[in-house]
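Colleague: Numbering-wise, the sequence shown is residues 1 to 269 according to full-length UniProt numbering.
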Amino acid sequence: MPDPSRPTGPRIIAVANQKGGVGKTTTTINLGAALAEIGKRVLIVDLDPQGNASTGLGIDVDDREFTTYELLLEDIDLGQVIQPTKSENLVIIPATVDLSSADIELISNEKRSSLLHDALRQTAMDRYDLDYVLIDCPPSLNLLTVNAMVAAHSVLVPLQSEFFALEGLSQLMLTIREVRQSANPNLRIEGVVLTMFDARNNLSGQVEKDARDNLGDLVFQTLIPRNVRLSEAPSYSMSVLDYDPQSRGADAYRALARELMKNNAPVAA
Numbered sequence: 001m002p003d004p005s006r007p008t009g010p011r012i013i014a015v016a017n018q019k020g021g022v023g024k025t026t027t028t029i030n031l032g033a034a035l036a037e038i039g040k041r042v043l044i045v046d047l048d049p050q051g052n053a054s055t056g057l058g059i060d061v062d063d064r065e066f067t068t069y070e071l072l073l074e075d076i077d078l079g080q081v082i083q084p085t086k087s088e089n090l091v092i093i094p095a096t097v098d099l100s101s102a103d104i105e106l107i108s109n110e111k112r113s114s115l116l117h118d119a120l121r122q123t124a125m126d127r128y129d130l131d132y133v134l135i136d137c138p139p140s141l142n143l144l145t146v147n148a149m150v151a152a153h154s155v156l157v158p159l160q161s162e163f164f165a166l167e168g169l170s171q172l173m174l175t176i177r178e179v180r181q182s183a184n185p186n187l188r189i190e191g192v193v194l195t196m197f198d199a200r201n202n203l204s205g206q207v208e209k210d211a212r213d214n215l216g217d218l219v220f221q222t223l224i225p226r227n228v229r230l231s232e233a234p235s236y237s238m239s240v241l242d243y244d245p246q247s248r249g250a251d252a253y254r255a256l257a258r259e260l261m262k263n264n265a266p267v268a269a
């Protein structure tokens, strides 16, 4: 018998913020690794032409024959694009710089906003028995990001704990609202996670206060610290949980994974 408490198919979360350098890829990789460590089956979709999530999880460029580009534009089978990573329970659809031209090529396609939605709902998904899909979005509100939002159940927003952090968030919220109105009425905001948080810095504390005052319960209780191990891990093509399991960065993403799961737990009747 299927578990009635489990949603049909995996929970799909777009990790998005049009500002660069806020920790989107770091959050995607390490939240995915933390969920996998708990025993959840996780797919990361690298939707950023820079391909940093792919590199950060050890997928060599020469091994990216089929990528998110082919998945979107060539109607390829999921089995050809999903690759294992070094982490148990964690798989990835990699990206290459080819994806940078996808925006232009998508414009003429009448299904341009829903291609990722359809690709992630192929019957081939069933064989992976996934619990979560995390989509690493590019640092812009382009057609790729819109595809992620149309495909997703929710949007997770990493927010850097620095001056002007909340600037630009209104544009992201507007895009989410437009996607709700046009293509995905059930899209919700999973939450805002404060990244690069430095408890010794008064500015970080002020950003946290501003975020909680403005966004309330949308802000996760978990704070992701500014941590050298988080910065080092990608250069070794590892998540921080594999690179330094005892680090503050690893513990923070474990806490975020637990909070995310608690927020999505079914409510008892």
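Cβ coordinates follow ideal geometry from the N, Cα and C atoms, glycine included.
No experiment lies behind these values; they were computed from the predicted model shown.
Can you confirm whether the region 166-175 touches the region 83-90 when touching is taken to mean that 3 or more C-beta pairs between the two stretches lie within less than 8 Å?
Modeller: The region 83-90 vs the region 166-175: no contact.
Colleague: Quick one, are the C-beta atoms of Arg229 and Val240 less than 8 Å apart?
Modeller: Against a cut-off of 8 Å, the Cβ pair of Val240 and Arg229 comes out as a contact.
Colleague: Throw me the rounded Cβ distance for the Thr67 and Asp118 pair, which I believe falls under 8 Å.
Modeller: 17 Å between Cβ atoms; not a contact.
Colleague: Given this structure, state the Cα-to-Cα distance separating Phe164 from Val179, to the nearest angstrom.
Modeller: Cα to Cα, Phe164 sits roughly 25 Å from Val179.
Colleague: Along the alpha helix (DSSP H) that carries Met149, what are the first and last residues, could you check?
Modeller: First-last of the alpha helix (DSSP H) with Met149: Leu143 to Ala151.
Colleague: Under a three-way DSSP split, which group does Pro49 fall into?
Modeller: The answer is coil: DSSP assigns Pro49 none of H, G, I, E or B.
Colleague: Kindly indicate which residue of Ala33, Gln50 and Ile38 has the alpha-carbon position closest to the one of Ile44.
Modeller: The candidate whose alpha carbon is nearest that of Ile44 is Ala33.
Colleague: With a threshold of 7 Å on Cβ separation, who are the neighbours of Arg41 within its own chain once the five nearest residues in sequence on each side are excluded?
Modeller: Excluding sequence neighbours, Arg41 sits near Asn89, Tyr128, Asp129, Leu130 and Asp131.
Colleague: Report buried or exposed for Val133, applying the criterion of at least 16 other Cβ atoms within 10 angstroms of its Cβ.
Modeller: That one is buried.
Colleague: Taking C-alpha atoms, which residue in Met125, Leu143, Asn52 and Arg64 lies nearest to Asn109?
Modeller: Residue Leu143 is the option with its Cα nearest to Asn109.
Colleague: Please classify Thr123 as buried or exposed, where buried requires at least 16 neighbouring CB atoms within 10 angstroms.
Modeller: The residue is exposed, with fewer than 16 neighbouring Cβ atoms inside 10 Å.
Colleague: Taking 6 Å as the limit between beta carbons, can you name the residues of its chain near Leu260, skipping five residues before and five after?
Modeller: Excluding positions up to five away in sequence, the list is empty.
Colleague: Return the residue from the list Ser170, Pro139, Asn184 and Ser161 that minimises the CA-CA distance to Ser154.
Modeller: Measuring from the Cα of Ser154, the nearest candidate turns out to be Asn184.
Colleague: With distances taken Cα to Cα, identify the nearest neighbour of Thr25 among Ile38, Glu37, Gln50 and Gly9.
Modeller: Comparing Cα-Cα distances from Thr25 to each of Ile38, Glu37, Gln50 and Gly9, the minimum goes to Gln50.
Colleague: Classify Glu65 as helix, strand or coil using the three-state DSSP reduction.
Modeller: Reduced to three states, the DSSP call for Glu65 is coil.
Colleague: Near Arg254, what residues of its chain come up, given a Cβ to Cβ distance below 6 Å and the 5 sequence neighbours on each side ignored?
Modeller: So the list reads Ala34, once near-sequence residues are dropped.
Colleague: Using the rule of at least 16 other Cβ atoms within 10 Å of the residue's Cβ for burial, across every protein chain shown, is Asn263 buried or exposed?
Modeller: Exposed.
Colleague: From the DSSP output, read off the bridge partner residues of Val155.
Modeller: Note: Val155 sits in a beta bridge opposite Ala14 and Ile189.
Colleague: Sort Glu167, Arg212, Val22 and Asp77 by Cα distance to Arg121 and report the nearest one.
Modeller: Checking every option, the nearest Cα to that of Arg121 belongs to Asp77.
Colleague: Identify which residue in Leu72, Ile135 and Gly21 has its Cα closest to the Cα of Lys111.
Modeller: Looking at the Cα atoms, Leu72 is the closest of the given residues.
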